[in-house]
Structure formats: structure tokens, C-alpha cells
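Note sheet for the following structure.
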Ligand code: MN
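In this note's numbering, the protein residues as written are 569 to 1143.
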């Protein structure tokens, strides 16, 4: 990948001069910053930002996002800081680059936290949908070059791709990207299953491909006769991982799966899609229950197409998919498809407004609905763009440990809340916090994506001031119960030599009393009196009166007494 490829796409897309200039400038900057650095493959590092930028360009995203794609690894791997980017390229691009860098901190190990909360956090931290798109495309290129990494890393990155990145792409409507990510991860995460699938389906794919080649001219001819103008008919193989998941549901029986390869028909209008469906059904008998109208009822991620499965020649089941060019592009680019409208806006505000209204009428985009649920109707295009910023987790924030573990906390949480969430001991012994590398006070209000490190000190105690600012119930409870314990201890110490009474409920046996007095002697307790209450014959109570120097002494003695055979219960009373 080199910069000429980027230039060619810019020209082909008719981008304004200012876009081209910005992209050139970002490329020069990145090239200088990464000078001398190599990818694990041995290629110059700049090939990676270039590959990311070209894919971003192909999604028709705005020039700021393309520039950010070129600059996205500059702050991670070189001496250049985000402030340098801000000075050189302005706030918008700096925010995009910073967002990608933040998302790099997230680590998924497949066990500790649910993938779902990680996906949510991913979106919440990103704040701007363009950052998510940058990260997804960045990951795609990293997956394409994964073979050059050591095996442990391959496995971790592939699993993260399968559990986090692919489902996110899918939900954002980018089904092609999602399928590509899954297929790239598949051999690393399930190597044996992958080998099996390739071996088993190789013949089948080839067979089907040849079979479909015979159906294509038949359909084309019939569409022409019916005067339905089609733009393209092509065979399309199911992604491997998606086939594997389907096989798991169908007893690994390939014969039960009809859409291993489907014939896809691209048509100019929705009416033509339904027209073509009729033609397909006229030619071949449809399989009952297999007609799926995702145009009238799109999938939750916005996917639209007409699907049907028919019995082709020799009674072989074949799937057909009818869609318009627009639906096709949306299936490829999902949410990104809507950002290309920002270009229309620059070119012609009226035209943009029209496109915008058309878009708003597409109620079927359930995910857009999700994205703007919190928002009322918007008046102007700027607000519409604003609305694509993700903001659905209004009342939660997600923060990270320096190792990238994720903690999800209520808004307004402080380092103390975080500390107790990690571990009670860390909360109890916290003395300060570093947030994003800077020392902060313990009452600091955490923000999405903050990397938090707690400074602890052995024997440190929580302060009652903490109760004024902690947000989580867990932290509040832990602090107040510990403070209560401390105050009781103090009260205990103040009592000096006063007596405490221990009551032991026992199951009497020979030698029990001797064992009890032995424990007391070993603990160096100066026993004042030992009596036995035998009111309940089967459960006598031994009553010991003695002074204890501290609460700790008392607790230790009680624990020791409980270990004696025959002692069922120990309680105490301050006299
Ligand atoms: Mn990267």
C-alpha cells in the first residue's frame, strides 16, 4: 500500500482540493513520525496507516477521518504527543486520534468481564462513531497481517476480534466487514474446526459454484423477457465462520444448509427486487417458509434484501438474494454509508437537506433509532451529525486499570469507588490516585476512558470524609463498616482493665474444661473466674470473665476457643 493509491481514490471520488491537501499533509507528517519503524512483517510502518486510510476513504468518510487514520498510531509509537497533533491539525482530528489511542488500552482476555459490557464500553469511550470506524478498520488490517505476530498474541487478538470487533461491526450494519473479521480470526481461535471446515466444504463450494454458473444465464434471460432491468448477478459464498456457526445448529450436516453459496441479484429499484423475486419463483419452485422480506422488515442492524430459497434443476436448493445498489452498499458499509452525506452537505446544502430527510424517513434503521433515542427531532444537518455521536450510556462510565481491565461505574464515581470495585483491601488502604498518569485527589470525578491507578499504603485507614463523596453503595458500605469497627476498637482500648465475659456453649466431655483453660493460659489471659451454667443439661455454658487488652486479643482468643472439640458457640459481652 502506498500513497499513490490514496491519491487515486481521492481523485476518483472527486474530493475537493482542501480534502486532498489535508490528506497529503497528514501523510507527510505520519511518514516523518514513523520513519525507520517497521511492522512485524518487515514492511515500513507507514504501510499500516496507509492501508487504514484507504479503507476509510473507500467508506466515503470525511477528510478529517482519513487524516486521523493516517495519524492514528503516531502518538502510540513515536515521540509526538496529542498536543503536537492538536497544534498541527486542530481539535477535531486530535479528538479522533486520541479516541483511537484510548481504545487501544482496552484488553479482552475472554474470561474476566462479559464481552457485552466491553462492547458497550468500547462505544461509550469512543464518543464519536468515526472513532469506532477507525478502530474497526485498524483492526481489519492488523488481522490481515496477524501471521507475523507470536502465537500467544495471535490468539488473544483473534479472540478479541471474534468476540468484540466483529459483533460491533455487525451491529453497526457493516456485515461484510464483520464477516471478514470473523474469517480472519477463525483459524487462530478454532484451528482444528477451521481445518475440518475447509477440508469438508472445498468440493461442495466448487460444485455449487459450477451449478450456479448454469443458473445465471437462465435467470438473466428470463429477467430480460420480463423487462426487469438488473445491474448485476453474482454468486456469493457464505463467510466460513458464519457457515461454521450455522453448522453447529444443524448437527454439522452440510446437506441441511441451502445458502452456502447464494446468487445475488442487484437491481435499480425496490419494485424491480419484487419483480425479480416473482421471476425466480416462476422458474423454480420456492421452498416453503424460506421467503424472507428484509426490505419490508429489515434486520435490527438495518440489513435489507429479499431472500428466497428455491429447488433448482435436480431438486437442489439454492438461495437467491435481491437488493438495490443502495442496499448493497449499506450492507457493505453500514453506519459509515451515512457519513458520506457530509460531502453532499459541503457541495450543496439543499441537496444535503434532502438526503438528510430521506435518511430520517428510513425508520427501519433500528440502530440509528438506538443512537438517537436520547435525542429529540433535530432542526439542521449539523445536529444530525452531532446525533451520530454515541451517547447511550448516560448514567454509566467505563474506566480502565493500567492493564486494560474494564470497570463500569455510575456517573460521578471517584477513585475511591473504583478502588473498592477492584478490591476491598485496595479501597481500605488507598492514599491517592493517578488518573491518566497524573496524581489526583481521591474525590476526583472520573470520566469515560480514564486509566486509573490507586496508590495504597499498608495500615492506612479510610477517612470519614470519603462518605461525603463516594457514589457506589459498595464503597459506602465498606467505608462505614470499617470506620465502625475502628471506633469500637478505640472504645475497647479506652476501657483499660475492665472485664469481658465470654460465653461458650459446649457439648460436655471429659477434659473439655482443661482444654479451655489451657487455651486461655497460652493466650496469657489473666482469668478472673470460670463458671459453668448447667441449666440446660445437654448444652451447658462455660462463662469466663477476664480483662482483654485489645479487641484483637479478644478476637484471637475466641477463634482459638472455637477450635476446641465440643465448643459449639462462643459469644462475648462487655461488662
Ligand atoms: Mn494501528
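Positions of the beta carbon are idealized from the N, C-alpha and C atoms, including for glycine.
Euclidean distance between Cα positions of residue i and residue j
{"i": "residue 624", "j": "residue 631", "result": "9 Å"}
{"i": "residue 759", "j": "residue 980", "result": "45 Å"}
{"i": "residue 1059", "j": "residue 1024", "result": "27 Å"}
{"i": "residue 854", "j": "residue 643", "result": "56 Å"}
{"i": "residue 1061", "j": "residue 1117", "result": "7 Å"}
{"i": "residue 766", "j": "residue 807", "result": "12 Å"}
{"i": "residue 608", "j": "residue 1044", "result": "48 Å"}
{"i": "residue 575", "j": "residue 966", "result": "39 Å"}
{"i": "residue 755", "j": "residue 1016", "result": "34 Å"}
{"i": "residue 736", "j": "residue 746", "result": "8 Å"}
{"i": "residue 1143", "j": "residue 1135", "result": "22 Å"}
{"i": "residue 1074", "j": "residue 1018", "result": "55 Å"}
{"i": "residue 662", "j": "residue 893", "result": "35 Å"}
{"i": "residue 1063", "j": "residue 1053", "result": "16 Å"}
{"i": "residue 856", "j": "residue 877", "result": "8 Å"}
{"i": "residue 1138", "j": "residue 727", "result": "52 Å"}
{"i": "residue 934", "j": "residue 870", "result": "In this predicted model, residue 934 has a pLDDT of only 34, less than 50, meaning its place in the structure is not dependable; the value taken from the coordinates is given anyway. Each residue's Cα considered, the two are about 6 Å apart."}
{"i": "residue 1140", "j": "residue 1071", "result": "6 Å"}
{"i": "residue 922", "j": "residue 604", "result": "Caution applies to residue 922, whose pLDDT of 47 falls short of 50 and renders its modelled position unreliable; the model cannot decide the point."}
{"i": "residue 1130", "j": "residue 1029", "result": "29 Å"}
{"i": "residue 686", "j": "residue 618", "result": "28 Å"}
{"i": "residue 697", "j": "residue 850", "result": "44 Å"}
{"i": "residue 587", "j": "residue 840", "result": "37 Å"}
{"i": "residue 977", "j": "residue 705", "result": "29 Å"}
{"i": "residue 578", "j": "residue 1000", "result": "51 Å"}
{"i": "residue 969", "j": "residue 804", "result": "44 Å"}
{"i": "residue 581", "j": "residue 744", "result": "21 Å"}
{"i": "residue 882", "j": "residue 897", "result": "34 Å"}
N- and C-terminal bounds of the beta strand (DSSP E) containing residue i
{"i": "residue 802", "result": "800-805"}
{"i": "residue 833", "result": "829-835"}
{"i": "residue 1097", "result": "1097-1101"}
{"i": "residue 890", "result": "885-892"}
{"i": "residue 716", "result": "It is not in any beta strand (DSSP E) - residue 716 carries neither H nor E in the DSSP assignment."}
{"i": "residue 1044", "result": "Where residue 1044 is concerned, there is no enclosing beta strand (DSSP E), although the alpha helix (DSSP H) it sits in stretches over 1041-1062."}
{"i": "residue 840", "result": "Element bounds for residue 840: not the beta strand (DSSP E) but the alpha helix (DSSP H), 838-851."}
{"i": "residue 977", "result": "974-978"}
{"i": "residue 879", "result": "874-879"}
{"i": "residue 796", "result": "Where residue 796 is concerned, there is no enclosing beta strand (DSSP E), given that its DSSP letter is neither H nor E."}
Endpoints, the alpha helix (DSSP H) within which residue i is located
{"i": "residue 627", "result": "Looking at the DSSP string, residue 627 is not in any alpha helix (DSSP H), and its letter there is neither H nor E."}
{"i": "residue 594", "result": "585-601"}
{"i": "residue 1006", "result": "No alpha helix (DSSP H) holds residue 1006; the beta strand (DSSP E) holding it covers 1006-1008."}
{"i": "residue 1069", "result": "Looking at the DSSP string, residue 1069 is not in any alpha helix (DSSP H); the run it does join, the beta strand (DSSP E), is 1067-1074."}
{"i": "residue 1085", "result": "1080-1090"}
{"i": "residue 755", "result": "743-757"}
{"i": "residue 575", "result": "571-580"}
{"i": "residue 737", "result": "734-739"}
{"i": "residue 994", "result": "992-996"}
{"i": "residue 1125", "result": "1119-1130"}
{"i": "residue 1139", "result": "Where residue 1139 is concerned, there is no enclosing alpha helix (DSSP H), although the beta strand (DSSP E) it sits in stretches over 1135-1142."}
{"i": "residue 1020", "result": "Careful: residue 1020 lies outside any alpha helix (DSSP H), inside the beta strand (DSSP E) at 1020-1024."}
{"i": "residue 816", "result": "808-817"}
{"i": "residue 1015", "result": "Here residue 1015 belongs to no alpha helix (DSSP H), and DSSP marks it neither H nor E."}
Who sits around the ligand MN, taking every residue whose Cβ is closer than 5 Å to one of its heavy atoms? Those satisfying the condition are, in chain order, 641, 706.
Ignoring anything shorter than 4 residues or poking outside the stretch 605-665, list the alpha helix (DSSP H) runs there in chain order. With a minimum length of 4 residues, the continuous alpha helix (DSSP H) runs that stay inside the stretch 605-665 are 615-626, 631-639, 642-645, 650-657.
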